[in-house]
Structure formats: structure tokens, C-alpha cells
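Peer 1: In this text, residue positions in the sequence shown follow our numbering: the first is 3, and each later residue adds one.
Backbone N, C-alpha and C fix where the C-beta goes; we use that ideal spot for every residue, glycine too.
First the structure, then my questions, so here it is.
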Amino acid sequence: MNKFILSSLVSSVMFLSSQSAMAEQDSRVETLKSYFKQCHKAQLCNGSFLVAEDGKVLYHQAMGVNHKGDTPLLTSHQFDIGSISKQFTAVAIMMLQEQGKLNFEDKVIQHIPDFPYEQITIKHLLNHTSGIADMMPYLTSLYRQGKVTASLDQNTVLDALIDQAPEAMFQPGAQWRYSNTGYVVLAILVSKISKQSYGEFLQSNIFTPLKMTQSLSRTSKTEHRLTERAYGFRQQINGTQRTFDQIPFFDIEGMGGIYSTTSDLYTWDQALHSHKLLSPKTWQAATQVTKTTDGKTKEYGFGFMLKADAFNQQKVGHSGHWRAFKSIYTRQIEDNRTIILLTNNGQDDSVDANEKAVDAILAGQTYEFIQQPISQVLYDVFKQDVSKAISAYHQLKADQAAGYDFSEGQLNDLGYVLLQEEHVQAAIAAFELNVEAFPKSPNALDSLAEALISNGQNRAATKRLKQALEIDPNFASAKQQLAKLNGSKL
């Protein structure tokens, strides 16, 4: 064959392959746009979203509102990333290990002499096998008792551990149990060993070198530096918003508390996987599954969740959930695909479903559109015409079930909103519809009873409460309501 002809054929094949790849990529980008647009239309997906592949951003968009001032969200807005912060804590520890300032097998008491658990090592804290007592209920009790009038930080947690010396949940290394307290202790170790505050260490060793200019560990002393802060809220069924942001005086770092943007987290992703922060050897150790002495394994490394997607592709990352903020950062290893989802609407539980959908879109597979909450669809209808609302519910469930969220909590939440707004008959109808849909739910029966009591229908309420207790004799709310009714006239 003539060399010129052969060369032309090869060039043509390469050009067509390139065009085909570009067309496929363009198709996926359009599908991503369509998916997130539909998700936002369903009054979900209030946040900032980034999807990348092979170092190229395919989709990066913010949508929805920033609550405070009701201003539109931008991709430059800074979100509380919740437990994704644990990655930064773990990497800080690993950087100190590479500097020769600690070893993973060091016992914590080598660095914190008063630490009440002699056998717990740094490695146990990193992979959640320490068995350390959970101090979060203690902190919650302080708030409920009105005893919190000044900043609570990680030293507050350590002091409580030392003073109370609560019994460990199990022998170190014997089991796996997710521990926020363990990561608070790791943050203290970062400070003690580096001679810097936790936030200062992250700033000087991670954020500044990587030019993550919109990231910081938030406390009441540093939050003034959040120049484009996203505020958390809960979108109510009736369309109003309720503030659901940070807890006053809650300045505990290590387990959470970092604010960042989708762009900064993408920078973080690229740095991790190009070994700018950690050596390949340390990164390999960080992304090994955890093996416990009870013979079990857990898909978790040092601050990194390890899991496979629905298409058997291995992923590394973490999720986060604090107050109204829900987030996901994952990297699919083989095809270098990165997904970063940051949201600030506490009523939006779509992040997990969004991750699965994006996985499918990137793989060129079928996916499910997000379901619109049926409570939002029926709210106005219930207020105007109960019969019409019930008919609409049954019609949509019969004809378009895949398009709506018909889970138990939907009608239950709707019923309580209607009850609070004194649409009592509509509330009772919504609760009755929920009992019809979930007849074995003690909670649905208990909620209906509460509405009946508010309407003076104590006999009917008693019947429903007894039904709830037949299903679950220990259902506390039903027992309490029934006890009150027993002292009243039916």
C-alpha cells in the first residue's frame, strides 16, 4: 500500500476516534447539566457541584440560594464540608510521620501523658479501631443543660476524657467503629507535635502551599475570614426557610469544621493523587482496608473511605454531614473521575443519589432522576381540597411512582406542617393516608394519634396508639401519649 495512503488512513482513524471521544464527552456533559437542572427543579440540589475526569473539569455549577440574604449560590461559596475534614486531619498526621516527628504505632500517651487509654495508638485513631469512648453525647448534654457559655474546643474534649476516664468500648484493634472523638484527639496531636494550632498547621502546610485560598478550619475566632460563606438552612414544606447553621461556641476541630469550595477540593484531589503532599508509600498505607483482630475487614483507611461503585470501580473519598451541610468527595481510581458535591439545605438528602447518578452518567450507563418530595407537591392541594389531594396522591403513585419520593417521612412531615398551621382536618387526612400506606409503622400511627388528640378525638387516638404499641410495645412516644390519655375522659 502506498505510504501516503496508509498515513492518511491512520490519520483519518485517529481523527474519527478523537471526534467520537469528544462527542461522547459532550453528550455526558449535557446529561450532567440536564440531571442537575432537574434535581434543582425538584427543589433539591441546593449547592455547588463539580465533576472531573482525567484532570479536566466536565461540569462545575452552583445552584440555589445562600439563605442569608437569599442571594444566589456561586461556585466560589465556602461550605462546611463536615467529615471530609477528617481527610485533612489524617494527612496532617501522615505529614508529621514523614517528617519523623511521630510513628503510626506510637501510643497516644507518648505524646499526651494524661491520656486515659494506655494501649491506643495513633494508627488506631486513624482507622477508627481505637474503641475510645464517644464524648459527643456528653457535649450534647452540656448544651441541653444550658452550661455552654464559652468556646468548646478539642481541649474541652480531652479534659473531659481525662477527668471522666470513661471505659473503652472494646480493646484497641479488636473492632471497627467510626469515632469523631478519635479524630478530635488526632487534631490535638497535630498541635502538640507541630507546636502550631491545628488550623495554623493546615494553613501553612496544606492550604497555602496548594493555593487553597478559600479553605480554612472554622472556629469562632477564624470565621470572620470566610469571605464567601454559605449558610445552612432547612427548606420547609411550605416554602419558608429556617436557619440551621453552626452551633454557638462549638469550635471543636479535627472531626469536622473545615470550610472549602468545590474548586479548592478539586485542588486537594489533584494534590493527593499526584503525591504533592504524601509519598506514594504513605499514600498506599493510607488507602489500605482496615483489618481488625476479630477477623473482619472494613473499607476504610487513614481518613479515607474505600468503596466500589455500582460498576465495580474502586473509589476513595469521604462524605460529610454537619447541621444543614451534606457533602461528598470521591475519586474513582481507574478512570480518574472526581465527584465533589457540597450542599447547604438540611432537607436535601439527595447527595448519595446524586453520586450514584453521576457515576452512571460518566460510565455511559442508565441512571435514575432524583425524586421530587411528594410533600412539596401536595402541600397547597391539601390546604385547599383534602379530597382532591388524596386523589392526586393515589393517581401520582399509580402512574408516576418513579418520579416522586413516597417514603414514610413525606406525609408525616406534611401532616405536622399542616397541624402547626392549624389545618387540623387536612393534617389528620395526611396522617391517615400515611397509615394507609405504611400500616405497620408505629410512628405513622403515633403521629395520627397526636393530630386526633389536638382535635379532641381522644377515643380514636387511643385506638391508634394501642395499634402502634401492638406493633412495637416499646415505642416511647405512643406509651407517653397513651399514659396521658388514660388520665383524661374519653
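Buried or exposed, going by whether 16 or more other CB atoms sit within 10 Å of the CB of Gln216?
Peer 2: Here the question's residue 216 lines up with position 214 in the sequence shown. Flag for Gln216 reads buried.
Peer 1: Would you report the Cα separation of Leu63 and Thr269, rounded to the nearest angstrom?
Peer 2: Locating residue 63 in the sequence shown gives position 61, counting from the first residue. Locating residue 269 in the sequence shown gives position 267, counting from the first residue. A small fix is needed here, since residue 63 is Gln in this sequence, not Leu. If I take the Cα positions, the gap works out to 16 Å.
Peer 1: Any idea what DSSP makes of Tyr261, helix, strand or coil?
Peer 2: For the purposes of this step, residue 261 is identified with residue 259 of the sequence shown, where counting begins at 1. If DSSP states are grouped into helix, strand and coil, Tyr261 belongs with the strands.
Peer 1: So, are the CB atoms of Ile372 and Leu267 less than 7 Å apart?
Peer 2: Walking along the sequence shown from the start, residue 372 turns up at place 370. Walking along the sequence shown from the start, residue 267 turns up at place 265. Contact flag unset, no.
Peer 1: Using the Cβ count rule (16 or more neighbours within 10 Å means buried), how would you classify Gln89?
Peer 2: Along the sequence shown, read from residue 1 onward, the residue named residue 89 stands at position 87. Answer is buried; the Cβ neighbour count reaches 16.
Peer 1: Compute the Euclidean distance between the alpha carbons of Pro375 and Met137, then round it to the nearest angstrom.
Peer 2: For this step, residue 375 is matched to residue 373 along the sequence shown. For this step, residue 137 is matched to residue 135 along the sequence shown. Distance between the alpha carbons of Pro375 and Met137: 35 Å.
Peer 1: When you compare only the Cα positions, how much space is there between Arg483 and Ala451?
Peer 2: Taking the first residue of the sequence shown as position 1, residue 483 is located at position 481. Taking the first residue of the sequence shown as position 1, residue 451 is located at position 449. According to the sequence as given, residue 483 is Gln; it is not Arg. The straight-line gap from Cα to Cα measures roughly 8 Å.
Peer 1: Pull up the distance between the alpha-carbon of Thr221 and that of Gly259, whole angstroms please.
Peer 2: Indexing the sequence shown from 1 puts residue 221 at position 219. Indexing the sequence shown from 1 puts residue 259 at position 257. Those two C-alpha atoms are separated by around 8 Å.
Peer 1: Should Ala429 go down as buried or exposed, given a rule of 16 or more other Cβ atoms within 10 Å for buried?
Peer 2: Against the sequence shown, residue 429 aligns to sequence position 427. Its Cβ being crowded by 16 or more others within 10 Å, Ala429 is buried.
Peer 1: With DSSP run on the structure shown, which of helix, strand or coil describes Leu191?
Peer 2: Translated into the one-based positions of the sequence shown, residue 191 becomes position 189. Helix.
Peer 1: Hey, is the segment 375-386 in contact with the segment 47-64, meaning 3+ C-beta pairs nearer than 8 Å?
Peer 2: Segments in contact, no.
Peer 1: Assuming Phe203 is part of the alpha helix (DSSP H), what are its boundary residues?
Peer 2: By 1-based counting over the sequence shown, the position of residue 203 is 201. Run containing Phe203: 200-204, per the alpha helix (DSSP H) assignment.
Peer 1: Grab me the residues of Leu493's own chain with a C-beta within less than 8 Å of its C-beta, minus the 5 sequence neighbours each way, in chain order.
Peer 2: This structure cannot speak to residue 493, because the chain is shown only from 3 to 492.
Peer 1: Around the C-beta of Ile455, are 16 or more other C-beta atoms found within 10 angstroms, so that it is buried, or is it exposed?
Peer 2: Stepping through the sequence shown from its first residue, residue 455 is reached at position 453. Ile455 comes out buried.
Peer 1: By the three-class DSSP mapping on this structure, what secondary structure does Lys42 have?
Peer 2: Residue 42 sits at position 40 when you count from the first residue of the sequence shown. The question names Lys, but residue 42 in the sequence shown is His. Helix.
Peer 1: How should Ala25 be labelled, buried or exposed, when 16 other C-beta atoms within 10 angstroms of its C-beta is the threshold for buried?
Peer 2: Here the question's residue 25 lines up with position 23 in the sequence shown. Below a pLDDT of 50, predicted positions are generally treated as unreliable, and Ala25, at 49, falls in that range; the measurement from the model is reported next regardless. Ala25 should be labelled exposed.
Peer 1: On the DSSP bridge list, what partners appear for Leu154?
Peer 2: Here residue 154 is taken as the residue at index 152 of the sequence shown, counted from 1. Phe252.
Peer 1: Could you tell me the distance, in whole angstroms, from the CA atom of Glu255 to the CA atom of Ala189?
Peer 2: Numbered from its first residue, the sequence shown carries residue 255 at position 253. Numbered from its first residue, the sequence shown carries residue 189 at position 187. Spanning the two alpha carbons is a distance of roughly 7 Å.
Peer 1: According to DSSP, is Ala23 helix, strand or coil?
Peer 2: Taking the first residue of the sequence shown as 1, we reach residue 23 at position 21. At Ala23 the pLDDT is 47, less than 50, meaning the model places this residue with poor confidence; the figure from the coordinates comes in the next sentence. In the structure shown, Ala23 sits in a helix (DSSP, three-state: H, G or I).
Peer 1: Classify His396 as buried or exposed, calling it buried when 16 or more other Cβ atoms lie within 10 Å of its own Cβ.
Peer 2: On the sequence shown, position 394 is the one that residue 396 refers to. Label assigned to His396: exposed.
Peer 1: Starting from Gly49, follow its DSSP beta bridges and name the residues at the other end.
Peer 2: As a first step, residue 49 is located in the sequence shown; it is residue number 47 there, counting from the start. Partner(s): Met65, Thr345.
Peer 1: Looking at C-beta atoms only, is the number of pairs between the segment 167-180 and the segment 119-134 that lie closer than 8 Å three or more?
Peer 2: Yes: the two stretches touch, three or more of their Cβ pairs being nearer than 8 Å.
Peer 1: What span of residues does the alpha helix (DSSP H) with Phe433 cover, start to end?
Peer 2: In the sequence shown, counting from the first residue as 1, residue 433 sits at position 431. Unbroken alpha helix (DSSP H) run through Phe433: 426-439.
Peer 1: Applying the 10 Å Cβ sphere with the 16-neighbour rule, what's the burial state of Phe313?
Peer 2: Within the sequence shown, numbered from 1, the residue matching residue 313 stands at position 311. Exposed: under 16 other Cβ atoms inside 10 Å.
Peer 1: Whose C-beta lies closer than 7 Å to the C-beta of Val437 among residues of the same chain, with five residues either side of it excluded?
Peer 2: Residue numbering aside, residue 437 sits at position 435 when the sequence shown is read from its first letter. Closer than 7 Å at the Cβ level, and outside the excluded window around Val437, lie Ala446, Leu447, Leu450.
Peer 1: Would you list the one or two residues that DSSP bridges to Tyr509?
Peer 2: Any answer about residue 509 is impossible in this case: the structure gives the chain only from 3 up to 492.
Peer 1: Any idea what DSSP makes of Trp270, helix, strand or coil?
Peer 2: Here residue 270 is taken as the residue at index 268 of the sequence shown, counted from 1. It is helical.
Peer 1: Which partner residues does Val493 have in the DSSP bridge list?
Peer 2: Only positions 3 to 492 of the chain appear in this structure, which leaves residue 493 out of reach.
Peer 1: DSSP state of His126, grouped into three classes?
Peer 2: Residue 126 sits at position 124 when you count from the first residue of the sequence shown. Looking at His126 - three-state DSSP - the assignment turns out to be helix.
Peer 1: For the 8 Å Cβ check, are there 3 or more pairs between the segment 286-293 and the segment 114-122?
Peer 2: Judged by Cβ distances under 8 Å, the segment 286-293 makes no contact with the segment 114-122, as fewer than three pairs qualify.
Peer 1: For a quick check, are the C-beta atoms of Leu154 and Phe251 less than 7 Å apart?
Peer 2: Taking the first residue of the sequence shown as 1, we reach residue 154 at position 152. Taking the first residue of the sequence shown as 1, we reach residue 251 at position 249. Yes, these two residues count as a Cβ contact at 7 Å.
Peer 1: Which residue wins for smallest C-alpha separation from Ala2, given the options Thr464, Ala394, Asp415, Glu202?
Peer 2: Outside the shown range of the chain, which is 3 to 492, sits residue 2, and nothing can be said about it.
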